[in-house]
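Chemist: First to last, the sequence lines map onto chains A and B.
If you're matching positions, the first sequence starts at 1 in our numbering and goes up one per residue.
If you're matching positions, the second sequence starts at 1001 in our numbering and goes up one per residue.
Virtual Cβ for every residue (Gly too), placed ideally from N, Cα, C.
Treat the numbers as computed from the prediction; the structure is a model and nothing was measured.
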Amino acid sequence: MVESRAYLWPNSRVIQLSWLPAKPQHWSERLRGIASAPDASARWAECLALSRYRIDFLETAKLDREMQRLRERGLLQPEDSRPTLRLAVLASSTVQHLLAGLRIGALRHGIELLIHEGDYGQYRQELMDTRSSLHAFHPEAVLLALDSHHLAEGGSADSSLEILRACWQQIRGLGAVVIQQTLLPVHPRLMGSNEQALADSPAAVVESVNAALRREPHITLLAIDAAAASDGIAQWHDPVLWHRAKQEVHPRVSHIYGELAGRLFGALRGRSRKCLVLDLDNTLWGGVIGDDGLEGIHLGQGTAIGEAYVAFQRYAQRLARRGVILAVCSKNDENNATEPFNRHPEMVLKSADIACFVANWQDKASNLRTIAKRLNLGLDALVFADDNPFERNLICQELPEVAVPELPDDPSFYPQIIADAGYFEALAVTEEDRERGTQYQANLAREELRAGATDLEGYLRGLQMQLIVHRFDALGIPRIAQLINKTNQFNLTTRRYTQEEVRAIAADGSFIPLQFRLLDRFGDNGTIAVLIGRRVGDAVDIDIWLMSCRVLGREVEQACLNVMAAAAHAAGAARLTGQYRPTAKNAMVRDLYRRLGFTLLSDEAGTTHWELLLDRWQPVPVIMQLQDESLAAGTATGR
Amino acid sequence: MGQQEIDARLTEIFRDIFDDDALTLRPEMTAADVPDWDSFNHINLIVATEAKFGVKFQTAEIESLKNVGHFEELIAKKLAAQGR
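Set out below in structure tokens:
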């Protein structure tokens, strides 16, 4: 009873995780029941499920408290399959009230967050002192959560930025990623609309610093100023609490703060979603194409509702242009479903924008499985947008890995809710992100060619593949780091490295770090494989070997081995060694080394070690042209 | 809103924050009577009460809070001022 009438905030709405489904009645009972789940992995799964409801800041704190208790009782032990992130939070005022939100925000994106909380206001000393607890913690990311009073009072924008830059440099020295919180506009204006005329007014300094932060390369922003601009600063900051407890961010939005950060952690660990699966009737247009016909559906100029659907299509198309894959999953006869795409003049989305189109009368859970399989994606890469609550509930129950936004009744709000949900959080846009949509399209064309080809060899010849090898270079590093952090299936060791670590490997002459790009007659597949060889004694050991599943079954793995073995041999190594480290997702490469002619050295609980002697080894011929640029940089054989 | 309903809602909030489902409120109760009622949870209590009742406390009011009974009176006064 209390629940139903909660949140009557005078004259304003309380900010919620509005895209998540409403909390079920028995949420609290389920919370208390976590401990009795059979094992740690089931308990973690239940915590994850409970975090994916529309919970508020109090429930977020309760879930966090319960998880701390489970940890203390040894009931939530870490597991290898669970990604973790070591985060240091450095602040100039109180952030204790934000930590539960951060941990649950990370949990919602599948990440176990280990937090080091810096001493209040001691961030510069901690960064400088190599014996500090911060250094001992070995953070993988540092969240610099400095408040506006600290940075914008009594200084200029330039002096604030100078402090920040010095911090960033020290954070990078720790080998950690910088996450810089933007400044909240908490200061009342002195001038008004033209505040910038008074450069040293705190409000103007905040604006200048935020603008400068947005031009800064190589840092990741936690843009709470943008959130406050959209929610209203009064939601995010209360001067009463600032004076009383030095809380700059209002505890009421601590769960939102944590969610915004959780997305960044997810993106750092390559867990952002990749594909938006769209329903058709009443999702991309108004009405039912099978009943109303081409002329009867609402789409386009003339009616407000028709324009709302056009706006949503345009939003989806813009997402596609920046690398999100689009798919369609509709209960329809295929002919009806495709008709608007081919014949309706107001359709923004065209067939070419949809990487995988499924329209039939099967249940949507089966169809989503099909879509994931056809696109070589995990179910946890999908977002399913459907106006029909029945279909949404079905997917939530059958396929909990799939994200299902609670679409509001009015299609005018579809784009905002998808944006608010932050499913596709990205840290940078690579050229390949822009190309991805077309790449998937081309992939389906390749599939059709394969279906038509009678033998594999003929099919591969028909592809006219060209494989280009480079050592890691500055241009390729963002994409390489992305692949290292998100590739789960074709990945022998599943080691994750941050962009900084990748850069360090690229510069170190004892490594043979190779990136492979594949072209064929359908287009450029982009960087599709990464191998890192590391000189160890008389051998080169394969530290990382991963490949995009898009190019499976095309002899690319053999071609990659040919290149690495030759490079190792040229570097004077007698042996090439490698390991397979099993995870929940990489069973497909368990036998890779055996298939490629390696000898098994040992097997420790599923982790296998392999070697290939190089003195009499000959490359195995493959059906593609190889262009080896890896020696051009000159350091591959530099030892 | 009657005294009883205020008491019931506030009890829910206390139970949530202090994680004690058996907690019952008494008018003379103060921070000294509840384990974990520290300055951090005090803020949580104020913020949760503001959110769940739809009221706003002033800096001076928070400073001068004496006990649970006084807190409930303050909530009742604010609700009455909104005509609720």
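Classify A/Ala-91 as helix, strand or coil using the three-state DSSP reduction.
Modeler: A/Ala-91 falls in the strand class under three-state DSSP.
Chemist: Got a sec: is the Cβ-Cβ distance from B/Thr-1024 to anything in chain A below 8 Å?
Modeler: No - not a single Cβ of chain A is within 8 Å of the one on B/Thr-1024.
Chemist: To the nearest angstrom, how far is the alpha carbon of A/Leu-269 from that of A/Arg-496?
Modeler: For clarity, residue 269 of chain A is Arg in the given sequence; the question names Leu instead. The alpha-carbon atoms of A/Arg-269 and A/Arg-496 are separated by roughly 8 Å.
Chemist: Please return the same chain residues whose Cβ sits closer than 7 Å to the Cβ of B/Phe-1014, not counting the five positions on each side in sequence.
Modeler: Excluding residues within five positions, the ones whose Cβ falls inside 7 Å are Leu-1023 and Leu-1025.
Chemist: When the Cα of A/Arg-471 is compared with those of A/Gln-464, A/Phe-516 and A/Leu-460, which residue comes out closest?
Modeler: Nearest of A/Gln-464, A/Phe-516 and A/Leu-460 to A/Arg-471, Cα basis: A/Phe-516.
Chemist: Please report how far the alpha carbon of A/Ala-6 lies from the alpha carbon of B/Val-1055, in whole angstroms.
Modeler: Bear in mind that the predicted position of A/Ala-6 carries a pLDDT of just 32, short of 50, making it too unreliable to give a figure here.
Chemist: For the stretch 374-407 of chain A, list every residue whose C-beta sits within 7 Å of some C-beta in chain B, in sequence order.
Modeler: Within the stretch 374-407 of chain A, no residue has a Cβ that lies closer than 7 Å to any Cβ of chain B.
Chemist: Within 8 Å of any Cβ in chain B, is that where the Cβ of A/Arg-65 sits?
Modeler: By this cut-off, A/Arg-65 is an interface position.
Chemist: Taking 8 Å as the CB-CB cut-off, is A/Leu-17 touching chain B?
Modeler: By this cut-off, A/Leu-17 is not an interface position.
Chemist: What residue ranges within the stretch 41-70 of chain A form continuous beta strand (DSSP E) runs of no fewer than 3 residues, ordered along the chain?
Modeler: Taking only runs of at least 3 residues, no beta strand (DSSP E) segment lies wholly in the stretch 41-70 of chain A.
Chemist: Which residue spans inside the stretch 305-385 of chain A form an unbroken beta strand (DSSP E) run of at least 3?
Modeler: Runs found: 325-331, 354-360 and 382-385.
Chemist: Taking the alpha-carbon positions, what's the B/Ala-1008 to B/Ala-1076 distance?
Modeler: Using only the alpha carbons, I get a separation of about 13 Å.
Chemist: I'd like the span of the alpha helix (DSSP H) that includes A/Val-206, first residue to last.
Modeler: 202-214 is the span of the alpha helix (DSSP H), which, as asked, contains A/Val-206.
Chemist: Using a Cβ cut-off of 9 Å, which residues of the stretch 242-268 of chain A contact any Cβ in chain B, in chain order?
Modeler: So the list reads His-243, Arg-244, Ala-245, Gln-247, His-250, Pro-251 and Arg-252, given in the order they occur along the chain.
Chemist: Excluding the 5 residues flanking A/Asn-342 on each side, which residues of the same chain have their C-beta closer than 8 Å to its C-beta?
Modeler: Cβ within range, chain order: Ser-351.
Chemist: Under a CB-based cut-off of 8 Å, is A/Val-240 close to chain B?
Modeler: Cβ-Cβ to chain B under 8 Å: yes for A/Val-240.
Chemist: Which residue comes first and which comes last in the beta strand (DSSP E) that contains A/His-116?
Modeler: Unbroken beta strand (DSSP E) run through A/His-116: 112-117.
Chemist: Below 8 Å, how does it come out for the stretch 122-131 of chain A and the stretch 274-292 of chain A: are there three or more Cβ pairs, yes or no?
Modeler: No, the stretch 122-131 of chain A is not in contact with the stretch 274-292 of chain A.
Chemist: With a cut-off of 8 Å, does the C-beta of A/Leu-58 fall near any C-beta of chain B?
Modeler: Yes, contact with chain B.
Chemist: Which whole runs of the beta strand (DSSP E) in the stretch 152-187 of chain A are 3 residues long or more, in chain order?
Modeler: Within the stretch 152-187 of chain A, the complete beta strand (DSSP E) runs of at least 3 residues are 177-181.
Chemist: Give me the residue from A/Glu-555, A/Glu-112 and A/Ala-359 with the minimum Cα distance to A/Leu-76.
Modeler: Here the closest residue by C-alpha is A/Glu-112.
Chemist: Taking only beta-carbon atoms, is B/Asn-1044 less than 8 Å away from chain A?
Modeler: By this cut-off, B/Asn-1044 is an interface position.
Chemist: So what's A/Glu-611 in DSSP terms, helix, strand or just coil?
Modeler: Strand, per DSSP.
Chemist: Hey, A/Leu-612 and A/Ala-565: beta-carbon distance below 8 Å or not?
Modeler: Going by C-beta atoms, A/Leu-612 is nearer than 8 Å to A/Ala-565.
Chemist: Give me whichever residues DSSP pairs with A/Ile-623 in a beta bridge.
Modeler: Answer by DSSP bridge pairing: none, since A/Ile-623 is not bridged.
Chemist: So that I know if they touch, is there some Cβ in chain B lying closer than 8 Å to that of A/Lys-62?
Modeler: Yes, because at least one Cβ of chain B sits closer than 8 Å to the Cβ of A/Lys-62.
Chemist: Could you spell out the range, first to last residue, of the alpha helix (DSSP H) harbouring A/Trp-27?
Modeler: Note, A/Trp-27: alpha helix (DSSP H), 27-33.
Chemist: Please state whether DSSP places A/Gly-643 in a helix, a strand or coil.
Modeler: Residue 643 of chain A lies beyond the stretch modelled for chain A, which goes from 1 to 639, so this question has no answer here.
Chemist: For the alpha helix (DSSP H) holding A/Trp-242, just list the boundary residues, first then last.
Modeler: Note, A/Trp-242: alpha helix (DSSP H), 239-245.
Chemist: Check the Cβ-Cβ distances between B/Asp-1020 and every residue of chain A, and say whether any is below 8 Å.
Modeler: Closer than 8 Å: no.
Chemist: I'd like to know whether the C-beta atoms of A/Val-277 and A/Leu-379 end up nearer to each other than 8 Å.
Modeler: No, these two residues do not count as a Cβ contact at 8 Å.
Chemist: For A/Arg-616, does the count of other Cβ atoms within 10 angstroms reach 16, so buried, or fall short, so exposed?
Modeler: With fewer than 16 other Cβ atoms within 10 Å, it is exposed.
Chemist: If contact is defined by three or more beta carbon pairs under 8 Å, each pair taking one atom from either stretch, is the stretch 100-116 of chain A in contact with the stretch 252-259 of chain A?
Modeler: With the cut-off at 8 Å, the stretch 252-259 of chain A and the stretch 100-116 of chain A touch.
Chemist: Ignore the nearest five residues each way along the sequence and tell me which others in A/Val-563's own chain have a CB closer than 6 Å to its CB.
Modeler: Excluding sequence neighbours, A/Val-563 sits near Val-469.
Chemist: Enumerate, from N- to C-terminal direction, the unbroken beta strand (DSSP E) stretches of 3 or more residues contained entirely within the stretch 472-541 of chain A.
Modeler: DSSP runs (the beta strand (DSSP E)) wholly in the stretch 472-541 of chain A: 511-520 and 523-536.
Chemist: Would you say A/Ser-272 and A/Ala-426 are within 8 Å of each other, going by their C-beta atoms?
Modeler: Cβ distance < 8 Å, so A/Ser-272 and A/Ala-426 count as in contact.
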